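Comments concern the structure below.
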Amino acid sequence: MDTMALSTEVGHRIRRLSPRVVNKIAAGEVIERPASAVKELLENSIDALATRIEIDVENGGADLVRVVDDGEGMHADDLPLAVASHATSKIAEAEDLFAVKTLGFRGEALASIAEVARLRIRSRQAGQTAGAELEVTLGDMQPVRPCGCPEGTSIEIRDLFAGTPVRRKFLKSSATEFSYVAEHFTRVALAHPRLAMTLRHNGKVIHDLPACDRLADRIEALFGSELARQLIWVEGSHGEAKLWGAVGSPALTKPTRKGQYLFLNGRFIQDRSLQHALGEAFRGLVMVGRYPVAFLFI
Ligand code: ADP
Ligand code: MG
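Residue numbers (the working numbering): 8 to 305.
As C-alpha cells, this is what we get:
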C-alpha cells in the first residue's frame, strides 16, 4: 500500500472530537441500559442520605425511569453543575480519591443521562421555600426555573436513547429490561435495610419495602418467608477483614449463582474467588450444577 498517498488524504488525519461527541461516547459507556440509569440514581439518593426512595419504571425503563428521594436535595444554582460532566460535590482533590465514602464521585452519571435521554430534575433543600427544576433533552439544557416540590430530589428520565435509534433497538424486551432494573433494586435493598424503598413497573407495585433494622427482615420482604426460614446466619473474621450474613441451608439451592449476593464495604460485588470459596464451603453438601444461596457482607 502507498502510505505516502494515504497520509495526504484528509480522512486519515487526526482530529480532536468536539466536546459534544466526546460526551456522547462517554455517555454510552456509563449508561448501557435502563438498569444502569437506575443504579446511578439509587447511588445518588443514598449519597444524599435519603431515608426513602420511590422508583417508577415504564416499559422496562425505556420510556420512563423516575427516582424520588427525601435526601438533602440540591441548591437551584447547582442544578446545571449536576448535569455537567466531571462535576461532583463528592471529591475536590486527587487525594480525596483515597478516602471516598460515597458511592459516586466521578460526576459522570447525570451528565451521561442528560446526553442520551430527556432528563428532568426537581430538587429542594431543607429550609428552602421553593424547589428548582431543570430539564435537559439530549444534551440541550433549558434554564433552571422555580417549582413546587417536596424536600429531596426527583429525577425523571424519559425516552432513553431517543437520539440513537440503533441503541434503543438493542434494548431487550420490557420484561427483560425490567428484570435488570429489579436486580439492581434488590442489591441496593439488601445493602441498605434501613432505607424504605418502593419499586413500581407500569404502575404496578413490585416491591414495597418498609425500613427495617435487620437484614433478615429485608431478605424476607424481598424473597419471602419460605426462603428466609432456611437461612443459616454466619459470622467470622480474618485479620482486619470481617464477614457476616447468611447462607442458605444445603436444601435451598439454585441452578445459577443468581441467589448469591456478596457485598464489600456495602457495595455489591461479583468475585470469582469468593464465589469459588463459597462453593468449596458447600462441597459435598449440594449437587453438582446447583449453587448455594448467600447474603454475605465483607
Ligand atoms: P457523582 O455521583 O459521581 O458526584 P452524578 O452525575 O451522579 O455524579 O451527580 C452529580 C452531582 O449531583 C452529585 O455530586 C450530587 O452533588 C448531585 N446529586 C445527584 N443526585 C442527587 C440527589 N438525588 N440528591 C442530591 N444531590 C444529588
Ligand atoms: Mg452519582
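Cβ coordinates follow ideal geometry from the N, Cα and C atoms, glycine included. As the structure is a computational prediction, the values presented were derived from the model and not from experiment.
Could you tell me which of the options sits nearest to residue i, measuring between CA atoms?
i: Leu110; options: Ser25, Ala55, Ala121, Gln149; result: Ala55
i: Arg308; options: Lys108, Ala121, Cys156, Ala118; result: Within the shown structure, residues of the chain are numbered from 8 to 305, placing residue 308 beyond reach of any answer.
i: Gly210; options: Leu197, Ser161, Arg73, Gln237; result: Arg73
i: Val37; options: Arg22, Ala124, Glu142; result: Ala124
i: Ile120; options: Gly35, Trp240, Gln282; result: Gly35
i: Val45; options: Val295, Val188, Ser280; result: Val188
i: Ile164; options: Lys179, Ala182, Ala228, Leu141; result: Leu141
i: Val241; options: Ala223, Ile32, Leu48; result: Ala223
i: Ala33; options: Phe275, His93, His82; result: His93
i: Phe228; options: Asp103, His245, His199; result: Per the sequence shown, residue 228 should be read as Ala rather than Phe. Measuring from the Cα of Ala228, the nearest candidate turns out to be His199.
i: Ala83; options: Lys179, Ala139, Arg297, Arg174; result: Ala139
i: Ser180; options: Gly18, Glu65, Lys31, His19; result: Glu65
i: Glu50; options: Lys265, Ala91, Gly266, Lys108; result: Lys108
i: Gly273; options: Ala284, Met294, Leu197; result: Leu197
Ends of the alpha helix (DSSP H) at residue i?
i: Ile32; result: 26 to 37
i: Ile120; result: 116 to 123
Measure the Cβ-Cβ separation of residue i and residue j and say whether it is below 8 Å.
i: Arg225; j: Leu216; result: yes
i: Ala69; j: Ile128; result: no
i: Gly255; j: Val300; result: yes
i: Arg59; j: Asp85; result: no
i: Thr95; j: Gly114; result: yes
i: His191; j: Ala42; result: yes
i: Trp251; j: Phe289; result: no
i: Gly146; j: Glu122; result: yes
i: Leu48; j: Ile162; result: yes
i: Arg221; j: Tyr268; result: no
i: Thr260; j: Arg236; result: no
i: Ala118; j: Asn30; result: yes
Check whether the Cβ of residue i sits closer than 7 Å to any heavy atom of the ligand MG, and report yes or no.
i: Ala116; result: yes
i: Glu50; result: yes
i: Glu47; result: yes
Return yes when the C-beta of residue i is under 7 Å from any heavy atom of the ligand ADP, and no when it is not.
i: Arg113; result: yes
i: Glu79; result: yes
i: Ser43; result: no
i: Asp224; result: no
i: Lys97; result: yes
i: Ala94; result: yes
i: Thr144; result: no
i: Ala133; result: no
i: Ala106; result: no
i: Ala89; result: yes
i: Thr171; result: no
i: Thr193; result: no
i: Ala55; result: yes
Mind reading off the beta-carbon distance from residue i to residue j? Whole number of angstroms is fine, and I expect it under 8 Å.
i: Pro153; j: Ala137; result: 5 Å
i: Phe185; j: Gly67; result: 4 Å
i: Leu292; j: Pro257; result: 4 Å
i: Leu238; j: Ala253; result: 4 Å
i: Thr205; j: Ile62; result: 7 Å
Is residue i near the ligand GDP - that is, is its Cβ less than 7 Å away from at least one heavy atom of it?
i: Glu39; result: Questions concerning the ligand GDP fall outside what the structure shown contains, since the ligands it does hold are the ligand ADP and the ligand MG.
At what residues does the beta strand (DSSP E) containing residue i begin and finish?
i: Pro153; result: 152 to 154
i: Lys249; result: 248 to 255
i: Leu271; result: 267 to 271
i: Phe289; result: No beta strand (DSSP E) contains Phe289, which DSSP labels as neither H nor E.
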